[in-house]
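Okay, structure first, notes after.
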Amino acid sequence: MGSRAKKGLISDWWWSIDRWFLAAFLILMIGGMVLSFAASPPVAEKIGLEPFHFVKRHALFLFPSIVAMLATSLLSPRGIRRMSALMLGGSLVLMVMALFFGMEVKGARRWMDFGPLTIQPSEFMKPSFVVICAWLFAERSRRHDVPGNLFAIMLLFVVCALLVAQPDLGQTILTTGVWGCLFFMAGLPWLWIVVLGGLGLVGFCSAYFVFPHVASRIDRFLTGEGDTFQTDTAKEAIMRGGWLGQGPGEGTVKRLLPDSHTDFAYSVIAEEFGIVSCMALTAVFCFIVMRGLNVAFQQRDTFCRLAIAGLVMLFGLQSIINMAVNLQLMPAKGMTLPFISYGGSSMLAVAIGAGFVLALTRKRAENVSQTDRLVDRTMVFQGALAAAR
């Protein structure tokens, strides 16, 4: 990569990148590729495809995802804002189009079919939504005449309306939860906490009575009655795996899981590689979230601080939801495990979000705001005067 003395795009990138983040993301991406050999062949055979159909498609999306992550990590904070604005606008347009022209799968319209490619626009909406909201909250804290909070609230309602219309209540809860954390970090007054918390509770209760599938999942989770085949099978796979697992390719319960390559990949990992491997995988996710929050709180620039924290919270909360469903700690919800589960849109979108984190955590002068620079210079000048006296 060259020495620090040499100047160049790649050299500057290498010496300024957070290599711990880079290593953690690459471990998950490569680990997801390896684990796809265990999780996806049974599903492919069950639906009449050749055994490694999903493995090949996972590999097909892996290289573009790595390229997207590395390319995005070269951007400046301003470049990230611009890219996020374009990506958010495009995603919202495609989400509207999906409601009228998208593919319908199990009663939901979340996907757009472009020939050989099938895209889920809401996946690309999430990281861009977090970045734009972080920017709006940061602008409001910097200039009180800018209605950043109002615009962020309006944007949240637009996004939630489109997600509910699909319907996708899981992504709605995920997006709202991360948005609430950002608003709290930006200095949310207690009155707003009470009001928004009440609205969230009303929305959750309304979803239970309005959407039959939501009520069914919650009832099955609370009572254990009804069709609980997937969650029960996932639990059995985890228990069968024990501490060290059955061995690669030796899992049998996984063959009964319809979504073993997507929503229940975590259970397949437990059956074949054991609880120890699941704990190691969970530790990598925890490392990314904890390091991200630690680095975020050290940032002087408000936008960088909020954006980094929001992106790692999005990454962590999505992981928690997936693992909790596998462990029967919450009602079943179709949500992928970042970089591990099969899904081209999910992998590429998460990779872009990871690239945003890498870019925002780079050691660069842009991470320091003009106000902070002025404060630093003032402190240096005052120190020089004190020393002269």
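Mapping of the sequence shown onto my numbering: position 388 corresponds to residue 405, and the numbering continues sequentially without gaps. Where a beta carbon is used, it is the ideal one built from N, C-alpha and C, also for glycine. For clarity, every value in this text was computed on a predicted model and none was experimentally measured.
In angstroms, rounded to a whole number, what distance separates the CA positions of His161 and Pro144?
Numbered from 1 along the sequence shown, position 144 holds the residue referred to as residue 161. Numbered from 1 along the sequence shown, position 127 holds the residue referred to as residue 144. Going by the C-alpha atoms only, they are around 26 angstroms apart.
Sorted by chain position, which residues of the same chain lie with C-beta nearer than 7 angstroms to Pro68's C-beta, five sequence neighbours on each side aside?
The residue labelled residue 68 in the question sits at position 51 within the sequence shown. Result list for Pro68: Pro58, Ala61 and Glu62, in chain order.
Give the list of continuous beta strand (DSSP E) stretches no shorter than 3 residues that lie fully inside the segment 73-130.
The segment 73-130 contains these whole beta strand (DSSP E) runs: 120-122.
Does the beta-carbon of Gly370 have 16 or more other beta-carbons within 10 angstroms, so that it is buried, or is it exposed?
Along the sequence shown, read from residue 1 onward, the residue named residue 370 stands at position 353. Label assigned to Gly370: buried.
Any idea what DSSP makes of Arg159, helix, strand or coil?
Sequence index remark: in the sequence shown, residue 159 carries index 142 (1-based). Reduced to three states, the DSSP call for Arg159 is helix.
Drop a sphere of 10 angstroms on the beta-carbon of Val72, count the other beta-carbons inside from all chains shown, and report buried for 16 or more, exposed for fewer.
Indexing the sequence shown from 1 puts residue 72 at position 55. When all chains shown are included, Val72 counts as buried.
Does the Cβ of Cys321 have 16 or more other Cβ atoms within 10 Å, making it buried, or fewer, making it exposed?
Position 304 of the sequence shown, counted from the start, is the residue given in the question as residue 321. Buried.
Three-state secondary structure (DSSP) at Leu66?
Here the question's residue 66 lines up with position 49 in the sequence shown. When DSSP states are grouped into helix, strand and coil, Leu66 belongs to the coil group.
Alpha carbon of Asp236 to alpha carbon of Pro265, nearest angstrom:
In the sequence shown, counting from the first residue as 1, residue 236 sits at position 219. In the sequence shown, counting from the first residue as 1, residue 265 sits at position 248. Each residue's Cα considered, the two are about 35 angstroms apart.
Would the beta-carbon of Val181 fall within 9 angstroms of that of Ala224?
Stepping through the sequence shown from its first residue, residue 181 is reached at position 164. Stepping through the sequence shown from its first residue, residue 224 is reached at position 207. Contact flag set, yes.
For Ile27, the first and last residue of its enclosing alpha helix (DSSP H)
Here residue 27 is taken as the residue at index 10 of the sequence shown, counted from 1. Per DSSP, Ile27 belongs to the alpha helix (DSSP H) from Leu26 to Ser33.
Sub-9 angstroms separation of Leu186 and Lys350 beta-carbons:
Stepping through the sequence shown from its first residue, residue 186 is reached at position 169. Stepping through the sequence shown from its first residue, residue 350 is reached at position 333. Yes, they are a contact pair.
Taking the alpha-carbon of Asn166 as reference, which of Phe141, Gly197 and Thr192 has the nearest alpha-carbon?
Reading the sequence shown from its first residue, position 149 is the one you call residue 166. Checking every option, the nearest Cα to that of Asn166 belongs to Gly197.
Test item: CB-CB of Asp249 and Ser358 under 9 angstroms:
By 1-based counting over the sequence shown, the position of residue 249 is 232. By 1-based counting over the sequence shown, the position of residue 358 is 341. No, Cβ-Cβ distance for Asp249 and Ser358 is not below 9 angstroms.
In terms of DSSP beta bridges, what is Thr135 paired with?
Your numbering for residue 135 matches position 118 in the sequence shown. According to DSSP, which records beta bridges pairwise, Thr135 is partnered with Asp130.
Hey, how far is the Cα of Lys252 from the Cα of Ala56?
For this step, residue 252 is matched to residue 235 along the sequence shown. For this step, residue 56 is matched to residue 39 along the sequence shown. Each residue's Cα considered, the two are about 15 angstroms apart.
For Ser93 versus His75, is the C-beta spacing smaller than 9 angstroms?
In the sequence shown, the residue the question calls residue 93 occupies position 76. In the sequence shown, the residue the question calls residue 75 occupies position 58. Going by C-beta atoms, Ser93 is not nearer than 9 angstroms to His75.
Limits of the unbroken alpha helix (DSSP H) element including Asp236:
Along the sequence shown, read from residue 1 onward, the residue named residue 236 stands at position 219. Unbroken alpha helix (DSSP H) run through Asp236: Pro229 to Thr240.
Assuming Val329 and Val374 form a contact by the criterion Cβ under 8 angstroms, report the distance between their Cβ atoms to the nearest whole angstrom.
Taking the sequence shown and counting its residues from 1, the one referred to as residue 329 is at position 312. Taking the sequence shown and counting its residues from 1, the one referred to as residue 374 is at position 357. Contact holds; Cβ gap of about 6 angstroms.
At what residues does the alpha helix (DSSP H) containing Ala349 begin and finish?
For the purposes of this step, residue 349 is taken as the residue at position 332 of the sequence shown. First-last for Ala349: undefined, no H or E at that position.
Endpoints, the alpha helix (DSSP H) within which Leu45 is located:
Mapped onto the sequence shown, residue 45 falls at position 28. Start and end: Arg36 to Ala56.
Report the CB separation of Thr269 from Val312 in whole angstroms; it is logged as a contact under 8 angstroms.
In the sequence shown, counting from the first residue as 1, residue 269 sits at position 252. In the sequence shown, counting from the first residue as 1, residue 312 sits at position 295. Actually they are not in contact, since the Cβ atoms of Thr269 and Val312 sit about 43 angstroms apart, beyond 8 angstroms.
Quick check: what's the CA-CA separation for Thr89 versus Ile338?
Within the sequence shown, the letter at position 72 stands for residue 89. Within the sequence shown, the letter at position 321 stands for residue 338. The alpha-carbon atoms of Thr89 and Ile338 are separated by roughly 26 angstroms.
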